[in-house]
Amino acid sequence: MAYVSEQHLAALDDLDTDKLKRFKWRLKNHYCLSSAALEKADAPDTVDLMMKRFGPEEAVKISVEILRKMNQNHVAEQLEDKHKQTGNRLMLKLSL
Numbered sequence: 008m009a010y011v012s013e014q015h016l017a018a019l020d021d022l023d024t025d026k027l028k029r030f031k032w033r034l035k036n037h038y039c040l041s042s043a044a045l046e047k048a049d050a051p052d053t054v055d056l057m058m059k060r061f062g063p064e065e066a067v068k069i070s071v072e073i074l075r076k077m078n079q080n081h082v083a084e085q086l087e088d089k090h091k092q093t094g095n096r097l098m099l100k101l102s103l
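Here is the structure:
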């Protein structure tokens with residue numbers, strides 16, 4: 008899960024303050040996260056909240072969906088690709 012959190016954080020760190028605010032607005036309005044919890048949350052806090060609420064796989068899926076809705080397609084692709092690579096490496100380790 009640490010790899011997923013790092014990748015997730017890197018994606019949100021790519022957003023400027025206004026875009027992070029819009030990301031959190033979409034998250035609050037469409038995915039039932041508390042306004043109070045998100046109001047003062049920075050990127051690491053937002054990742055932590057998402058991981059706790061949704062789990063790593065769903066948190067990444069939701070982030071990619073929100074990023075695409077925000078036309079942050081490059082950031083969404085990077086997160087998706089890094090997440091897939093990590094999953095492939097993990098599966099390879101487990102099969103050894």
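Okay, so the sequence shown: first residue is 8 according to my numbering, each after it adds one. No residue lacks a Cβ here, since even glycine has one placed at the ideal position from N, Cα and C. Note that this is a predicted model, so its numbers are computed, not measured.
Checklist entry - K59 by DSSP, collapsed to three states: which one? => result The three-state reading of DSSP puts K59 in helix, counting H, G and I together.
Next on the checklist: My parser needs the alpha helix (DSSP H) runs of 4 or more residues fully inside the stretch 33 to 91; what are they?
Outcome noted: Within the stretch 33 to 91, the complete alpha helix (DSSP H) runs of at least 4 residues are 42 to 46, 50 to 61 and 63 to 76.
Next on the checklist: I need the straight-line Cα distance from A43 to L22, nearest angstrom please.
Outcome noted: Taking the straight line joining both Cα atoms gives about 21 Å.
Next on the checklist: To the nearest angstrom, how far is the alpha carbon of P51 from that of L16?
Outcome noted: Going from the Cα of P51 to the Cα of L16 covers about 6 Å.
Checklist entry - Do you know whose CA, among M77, R29 and Y38, lies nearest A66's CA? => result Per the Cα distances, Y38.
Item to check | Counted within 10 angstroms of its Cβ, other Cβ atoms place Q14 as buried (16 or more) or exposed | outcome: Around the C-beta of Q14, 16 or more other C-beta atoms lie within 10 Å, and the residue is accordingly described as buried.
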